[in-house]
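Working notes, beginning with the structure itself.
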Amino acid sequence: MQLAKRLKAIKPSPTLSLNAKAKALAARGEDVVSFAAGEPDFDTPVHIKDAAKAALDAGFTKYTATGGIPELKSAISAKLKKDNQLDYSPEQILVSCGAKHSLYNLFQALLSPGDEVVIFSPYWVSYPDMVRLADGEPVIVETSAAEGYAPDPKELRKALTPKTRAVVINSPSNPTGAVLGRDALARIAEVLAGHDCLIVTDDIYEKLLYTGTPFLNLANVAPELAPRVVTVNGFSKAFSMTGWRLGYAAGPKDLIGAMQMIQDQSTSNANSITQKAGVAALTGTMEPVEKMRVEFQARRDLIVKGLNDIPGIHCRSPDGAFYVFPNVEALIGKRYKGKQVNGSVHLSELLLEDFKLAAVPGEPFGAEGYLRLSFATARTTIDKGLLRLREFVAQLS
Ligand code: PMP
Ligand code: GLU
């Protein structure tokens, strides 16, 4: 069948497909250890589920306003003020079916053919493909582990052109877990002050921070740029609500209006019951979120230590999110069962096939020579996975 030409520029999400593969193997009875999933393993907090049950019982099951129920938009506006010291009125907010959907709407609303979006690598796998789906061109600015994945202002300046419509910032980062602090953000802001483009900040991992210092959005550091900052966030990671599909964007009114029009003609509103649950998440106790964060921190320490104990693997301790991004360059080029390991994708395949261990290769994140392991899984599972990885490495020659 002849499909749309634009599909040639994109590929399936490698994180979702590896996750699906691991789940399918487990369903067949295989003893799979999965570090693939970018989702917390905890249940959604009870008060959030109760709000959804109440909404269902009250018959809150009809279409809502496309952009979200007023109660939720007000709660988001209040959250952005209270947690982030950001001023976005409810009219500047669009509620969508996940932060992924928010970003998709954004690029669809913003880009014309040939427009450029600057993305720092390593990047979340979906940014470049979402840009391409909107006929835009991703422009990649590399960052390195040695610099804590903070962008080099000179490299950023070089990447900006008259076609640059947006720059994407993601801190804490998927896949590196790196957090951009005040100085790093100020350096980015200084460059962007001289270039009229949108600044998209994807803050979805803001609650998962292990530094002891508060989260910072670029607009906190450079308030003069706030009018062109679009803040994207969601409920999936902080509240363990991946399956509920709820996220939002807050930004300039005309952009939000354009995004809403796209949503009007595509999905309409986010699920009505989920929106009520979202209100409970934002207005209720944050105790369960903090409990999860503390547990993630313990798991982080466990997995970082375990990885660094394996010869040939080097792993930074991430300051946020729930991913480690170990350097495995020393394993690539070695031989396993007589065959040369030719890259991170091959490494990931061997681990899944022979050790039933799911780890996402670095290559689709724009970082060959790395693996991404999610530690949003039980400590016993982490121990088991580390053992398998150690066994694999011991068999390399
Ligand atoms: N941004 C980043 C960096 C992510 O890792 C994810 C993961 N799913 C999303 C956005 C989208 O999350 P969701 O659509 O579940 O809100
Ligand atoms: N963002 C998560 C991940 O990186 C979920 C999967 C996806 O949406 O790509 O694993």
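Residue numbers -10 to 386, in my numbering, belong to the letters of the sequence shown in order. Glycine included, C-beta positions come from ideal geometry on N, C-alpha and C.
Look at the alpha carbon of Y138 and the alpha carbon of E279, and state the distance between them as a whole number of angstroms. The C-alpha of Y138 lies about 26 Å from the C-alpha of E279.
When the distance is taken between beta carbons, is L95 closer than 8 Å to V218? No, these two residues do not count as a Cβ contact at 8 Å.
Per DSSP, the bridge partner or partners of S23: Under DSSP, S23 takes part in a beta bridge, and its partners are A347.
For the beta strand (DSSP E) containing S363, list its first residue and its last residue. For S363, the enclosing beta strand (DSSP E) covers residues L360 to S363.
Less than 8 Å separating the beta-carbons of K242 and Q81? Going by C-beta atoms, K242 is nearer than 8 Å to Q81.
Go ahead and pull the three-state DSSP assignment for R282. R282: helix per DSSP, three-state reduction.
Considering only C-alpha positions, which residue in the set V349, R121, A148 and N206 is nearest to F109? Ranking V349, R121, A148 and N206 by Cα distance to F109 puts A148 first.
Give every residue of the same chain whose Cβ lies closer than 7 Å to the Cβ of P353, excluding the five residues on either side of it in the sequence, and list them in chain order. So the list reads P3 and V114, once near-sequence residues are dropped.
Which runs of the beta strand (DSSP E) spanning at least 3 residues fall entirely within the stretch 245 to 293, listed in chain order? The qualifying runs do not exist here; there are none.
Would the beta-carbon of K(-6) be found less than 7 Å away from any heavy atom of the ligand HEM? As far as ligands go, the structure on display features the ligand PMP and the ligand GLU and does not contain the ligand HEM.
Give me the pocket residues for the ligand PMP, defined as CB within less than 6 Å of any heavy atom, sorted by chain position. With the cut-off at 6 Å, the residues found are G27, G87, A88, K89, W113, N159, N163, D191, I193, G223, S225, T231 and G236.
By the three-class DSSP mapping on this structure, what secondary structure does H36 have? Note: H36 maps to helix in three-state DSSP.
DSSP three-state assignment for I177, whether helix, strand or coil: Here DSSP, grouped into helix, strand and coil, assigns I177 to helix.
Every unbroken beta strand (DSSP E) within the stretch 148 to 235, with a cutoff of 3 residues, ordered by chain: Considered as a whole, the stretch 148 to 235 harbours 153 to 159, 187 to 191 and 218 to 223 as its complete beta strand (DSSP E) runs of no fewer than 3 residues, in chain order.
On a CA-only basis, which of V268, K(-6) and G309 is nearest P34? Give me that one, please. Ranked by Cα distance from P34, the first of V268, K(-6) and G309 is V268.
Going by alpha carbons, who is nearest to R171 out of G87, S160 and A123? For R171, the nearest C-alpha among the options comes from S160.
Quick check: what's the CA-CA separation for T202 versus K196? T202 and K196 have their C-alpha atoms some 11 Å from each other.
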